[in-house]
Amino acid sequence: MKNLIVIFLAMVAAIFLVRSVRTSWAEMDKFNKREALIAETGRCLEAADWNCAEKGVRELLCDAPHDTNLQMHMAIILYEQERYEECRRYIATLKFSNNDLALIDKKAESLIREMAELGIERSMHFRVEFEGSLSKRDVMEALAVLEVAYDSLCRLFDFHPENKMHLVLYESPQYQGVGPRPDWVGAIFDGKLRVPVNVMQFREIYRPILFHELTHAFVRAMTHANVPLWVNEGIAQVVDASRTGKPRPEGAAPSLEALATPFVKENNSSNAERLYWYSQRMVEQLLHRNANFVHFREFIQSMQKQDVDRALEQYYGVSAQQLYDESR
Ligand SMILES: [Zn+2]
C-alpha cells in the first residue's frame, strides 16, 4: 500500500512535470513566435513595405488589442497606404490621443480634401494629382516621362521601389507642400513629387526636373537613413544632367557644414547655385572612384547602420573633407 502511494505520487509528479514542461514549452514557443513576428514586422516597417507591416501589426494586435504603440503604427500604415478615410476612422476608435496621432489625422484630412479637389490619373508606378486647368494631354505626357525615368532609375540602381509614387502638378501655392520656400525652388520632393504646372509647357525644363525629383524619391525609397544633402542633391543632379559641365560659380565655396544642411533654407539664389554646384562636384568625385550606381545605392543604404564618414571610407576610401578639398 505504502509502495502504491509512493508510485502514485511519483506518477502525479511525473505527469505534473510533463504537463508543466509542455505548458512552458508551449509558452516558450508562443513567446518565440511573437518575438519573431515583432522582428519581421520591424523589418517591413523599416523597408516601408506597408502590406507586410500591416499583416504583422494586425496579428500582433490580436494578442494585445490595447497596445497603443501598435495602434499608433496601424494608423501610420493606413496613412502611408493612402487609405486616409480608413485611417481617420481608425484613429477615431482609439482610446488615447497624442500629438503624433493628431498630426496624422490632420494630414489625412487635408489629403482627403486635396484628393477631392484635384484630378487624379494613374499609371503603372505613379499617381498624379493635378489642378483642373491642366489638359489631359499634359498630364499623360508627364506620366509617360515619369514612367521612362522610373524604368531608367530602376535599372541604374538595380532597385524597384515597393510603393507607388505620387506627383502633384500644382498651380496654387497651397499645393506646394509643407513649409515656406524661397523663389528659386521650382519643384520639390517632400514624400510627393510636387511640380508647378507652368514648367510643363517647356519639355526641356520639365524632363530634367522630373528626373531630378524622381531621383530624390528613389533615394528615399532605397534608404531610410539621413543622407547628407550634398549626396542627395549631387546624385539627383548627376542623374538629371541639366547642370553637368557648368563652370564653377564665382565666389567662395560654401562650407562643408552648409553642404550638409537643407538648401531650401538658403534665400540667396547665387549661394544656392554654389551649394548645388559643389554637391554635384563632390558626388562626381565619388563616382570617379567607382562609377557603379549599384555600389552607390549600397553606400547610401549602409548609412542606416553607420555614419557618413564610415560609409564614405568603406565604399569609396575617402572622407567628406577630402572630397570637399578636391572639389574646391
Ligand atoms: Zn534636389
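The numbering of the sequence shown is this note's numbering, which starts it at -14 and goes up by one. Heads up, the beta-carbon is just placed ideally off N, CA and C, and yes, glycines get one too.
| Check | Outcome |
| --- | --- |
| Run of the beta strand (DSSP E) containing L244, from where it starts to where it stops | Per DSSP, L244 belongs to no beta strand (DSSP E) and is neither H nor E. |
| Residue of S240, E106, M207 and L138 minimising C-alpha distance to F196 | L138 |
| S89, buried or exposed, once every other Cβ within 10 Å from all chains shown has been counted against 16 | For the sequence presented, residue 89 should be read as Ile rather than Ser. Label assigned to I89: buried. |
| Start-to-end residues for the beta strand (DSSP E) that takes in R107 | G104 to R107 |
| Where R313 falls: helix, strand or coil (DSSP) | coil |
| A237 to S312 span [Cα, whole Å] | 12 Å |
| Counterpart residues of R179 in DSSP-defined beta bridges | V153 and I173 |
| Top-ranked residue by Cα proximity to Q222, from P239, Y261, A206 and V124 | Y261 |
| Between the CA atoms of A257 and V230 - distance to the nearest angstrom | It is Gly, not Val, that sits at residue 230 in the sequence shown. About 17 Å. |
| Bounding residues of the beta strand (DSSP E) (the contiguous stretch that carries F115) | F111 to F115 |
| Rounded C-alpha distance that separates E218 from Q265 | 7 Å |
| Outcome for D225 when other beta-carbon atoms lying within 10 angstroms are tallied against a minimum of 16 | buried |
| Neighbourhood of V42 by C-beta, 7 Å cutoff - its chain only, sequence neighbours within 5 removed | T26, L55, H58, M59 and I62 |
| N217 beta carbon near ligand 1 (any heavy atom closer than 8 Å) | yes |
| DSSP-derived helix/strand/coil call for K80 | coil |
| Between the CA atoms of C72 and S82 - distance to the nearest angstrom | 14 Å |
| Counted within 10 angstroms of its Cβ, other Cβ atoms place R28 as buried (16 or more) or exposed | exposed |
| A202 Cβ short of 8 Å to ligand 1 heavy atom set | no |
| Contact test: A322 Cβ vs ligand 1 heavy atom, cutoff 8 Å | In the structure as shown, the chain starts at -14 and stops at 313, and residue 322 therefore has no counterpart that could be examined. |
| Near ligand 1: E258 beta-carbon under 8 Å from a heavy atom | no |
| Between the CA atoms of T200 and F278 - distance to the nearest angstrom | 12 Å |
| Contact under 9 Å by Cβ, M267 with V212 | no |
| Best match in V153, D14 and E65 for proximity to W35 [C-alpha to C-alpha] | E65 |
| Three-way DSSP call (helix, strand, coil) for Q289 in this model | coil |
| Any non-hydrogen atom of ligand 2 within 8 Å of F174 CB | In terms of ligand content, the structure shown lacks ligand 2 and carries ligand 1 instead. |
| Any non-hydrogen atom of ligand 1 within 8 Å of E198 CB | yes |
| Contacts around Y309, its chain only, beta-carbon distance under 6 Å, and the 5 residues preceding and following it disregarded | L241 |
| Endpoints, alpha helix (DSSP H) assigned at D225 | L214 to D225 |
| K121 versus M109, L103 and L141, residue with shortest Cα-Cα distance | L103 |
| Best match in A134, I76, A296 and K177 for proximity to A210 [C-alpha to C-alpha] | A296 |
| Proximal residues to M109 (C-beta, below 7 Å), its chain only, five neighbours per side dropped | E132 |
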